[in-house]
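> I have a structure here, written as structure tokens, and I will follow up with some questions on it.
In this note's numbering, the protein residues as written are 7 to 88.
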């Protein structure tokens, strides 16, 4: 599968609950070291708590050439729809 779900909240928030199959990469780490975690041949769905921080990060990553999309509404929206 070439699509990855990334939770950019803190590790503590991630361990309290996250979207199924998501991996934890805190926002600051992705901003500083995108090449360490991402490749340009994969698709990434990225979320935070509300979708605001992840939206900004997705725009940044897209500018670097990564195929990233924001999960609108973030984890809170996911909980409401669950």
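Quick reminder that beta carbons are idealized off the backbone N, C-alpha and C, glycines included.
What did DSSP end up calling residue 27 once you bin it into helix, strand or coil?
Residue 27 falls in the coil class under three-state DSSP.
> Could you tell me if residue 38 is buried or exposed, where buried requires 16 or more neighbouring beta carbons within 10 angstroms of its beta carbon?
It counts as exposed.
> Assign residue 57 to one of two classes, buried (16 or more other C-beta atoms within 10 Å of its C-beta) or exposed (fewer than that).
Residue 57 is buried by the Cβ-count criterion.
> Alpha carbon to alpha carbon, how far is residue 15 from residue 47?
Whole-angstrom Cα-Cα distance: 24 Å.
> Grouping DSSP H, G and I as helix and E and B as strand, with all else coil, what is residue 53?
If DSSP states are grouped into helix, strand and coil, residue 53 belongs with the strands.
> DSSP beta-bridge partners for residue 13?
Paired residues: 30 and 53.
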